[in-house]
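Undergrad:
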Amino acid sequence: MTDASHRAAVAERAARAGGIVAREQFRGDLSVESKANKNDLVTETDRDAQRQVVATVLEEFPGDRFLCEEDLSTRARPEADYDPEAVDSIPDSGSVWVIDPIDGTANYVRGMRLWGTVVSAVVDGEPVASVTYLPSYGDLYAAGPESVTRDGTQLSVSGRTDPETFAVAPVGWWDRDDRDEFGRLCSAVGDRFGDIRRLGSFQATLAHVADGALEGLVCTRPMAPWDTLAGVHMIRQAGGTVTDLDGEPWTHDSDSVVASNGEAHEAFVAAGNEALR
Ligand SMILES: O=P(O)(O)OC[C@H]1O[C@](O)(COP(=O)(O)O)[C@@H](O)[C@@H]1O
Ligand SMILES: [Mg+2]
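Per this note's numbering: the sequence shown = residues 119 to 395.
Here you go:
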C-alpha cells in the first residue's frame, strides 16, 4: 500500500466515524452556541464528531498535524497517547489533515439533512485524498490521486454546454453590512445561467459540482480550507475547472472560488467579478 492510498483509506474511515457520531445526535436535543455572529453556529456534536475524526486518524498517523474548524485544545480521547498538534494554515511541506466535522451546521441544527463530515489528507501542500460523507443521505464522496467516486461509482462533471440550462450556486454568506454583494452575485448568476441553488454547505455544493448535479458555483469571499479544499480536489478529479476570480488556478490561499464543469468558465468568473463592482 502506498502512503497516499493509506491516507485515503484512513480519511474515509475517519469521515465515516465522525459522521456516524453526528448522525446519532441528528434531530436530537442539541447544545447550540453561536461563534462569530448569531447565525454562525456550533454544537457540542461538532466537537464530538471532530474528536472522533482526529482519534481515528491518530490511530494510524500518530504525530500528524491537524487544521480543524473547531478548537483542538482537548485531547483526541482521554486515553490517547498523543495530544494532536494544531496548525492554523496548510504548511508547504509535510502532512496535515484538514477537517470540518459538520459542514452545514445551520442545516444540521434545523434538522435539514444536507450536512457532511469532511476530511482531507494533505502532503506537501496538496491534497492526496479527500472525503465528504453526507450521513443523512448515505452518500460518501472520495477523491484520491486520480479519480473521484460517490459510493464507489466514478464521477465526472456535468456534460451540459448551454449556460441557459446550467444550475449554479452562489455560495457564502456575508455580514449584514455587506449583504448586497450576495444580491449582486445572485443577479449576475441569474443573468447568465438557467437556475440557482443555495444549499447551506459549501462542501456538499462542491461535491454536487463533481457529481454533475450542478454545473458550477461562485464564491466571491475568502473561505477556510475546511470549507473548500476537499471539494475542489473532487471537482478537479472529476474533470472540472476551479480558479479564483482572476481565472488563476485555485489554491488553498485563494481569496475566492469559481468552480465549473469547464464549459463557459469565463461566464462564472464574470459573474463573480460583477458582484464585486
Ligand atoms: O452554500 P451556502 O448556502 O452559501 O452555504 C455556504 C456556507 O456553508 C458553510 O460551508 C457551512 O459551514 P459550517 O457549517 O462548517 O460552518 C459555510 O462555510 C458557508 O458560509
Ligand atoms: Mg463545520
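Every residue gets a Cβ at the ideal spot worked out from N, C-alpha and C, and that includes glycine.
Entirely within the stretch 163-224 and at least 4 residues each: give me those alpha helix (DSSP H) ranges in chain order.
TA: none
Undergrad: According to DSSP, simplified to helix, strand and coil, what is Val-227?
TA: helix
Undergrad: Can you tell me whether DSSP reads Pro-343 as helix, strand or coil?
TA: helix
Undergrad: If you drop the 5 nearest sequence neighbours on each side, which residues of the same chain put their C-beta closer than 6 Å to that of Tyr-226?
TA: Ile-220, Trp-233
Undergrad: For a test of the three-state rule: what should DSSP assign to Arg-268, helix, strand or coil?
TA: Of the three classes helix, strand and coil, the one that applies to Arg-268 here is strand, per DSSP.
Undergrad: I'd like to know whether the C-beta atoms of Gln-170 and Gly-136 end up nearer to each other than 8 Å.
TA: Yes, Cβ-Cβ distance for Gln-170 and Gly-136 is below 8 Å.
Undergrad: What does a CB cutoff of less than 6 Å around Ala-382 pick up in its chain, not counting 5 residues either side in sequence?
TA: Pro-281
Undergrad: If we count the other Cβ atoms within 10 Å of its Cβ and call it buried at 16 or more, is Thr-251 buried or exposed?
TA: This sequence places Tyr at residue 251; Thr is not what is there. Result: buried.
Undergrad: Roughly how many angstroms lie between the CA atoms of Val-275 and Trp-215, to the nearest whole one?
TA: 26 Å
Undergrad: Let me check one thing: in DSSP terms, what residues is Leu-273 bridge-paired to?
TA: Leu-273 pairs with nothing; no bridge assigned.
Undergrad: How about Leu-324 and Ala-377: do their beta carbons lie closer than 8 Å?
TA: yes
Undergrad: For the alpha helix (DSSP H) that Val-289 lies in, which residues bound it at each end?
TA: Neither: Val-289 is in no alpha helix (DSSP H) and is coded neither H nor E.
Undergrad: For Gly-334, which three-state DSSP category applies?
TA: strand
Undergrad: Less than 7 Å between C-beta atoms, sequence neighbours within five positions excluded: which residues of the same chain meet that for Arg-131?
TA: In its chain, beyond the 5 residues on either side, Thr-174 have a beta carbon closer than 7 Å to the beta carbon of Arg-131.
Undergrad: Below 8 Å on the Cβ atoms is my guess for Pro-140 versus Ser-238; work out the distance and round it to an integer in Å.
TA: The sequence given here has Ala at residue 140, not Pro. Rounded, the Cβ-Cβ distance is 18 Å, inconsistent with contact.
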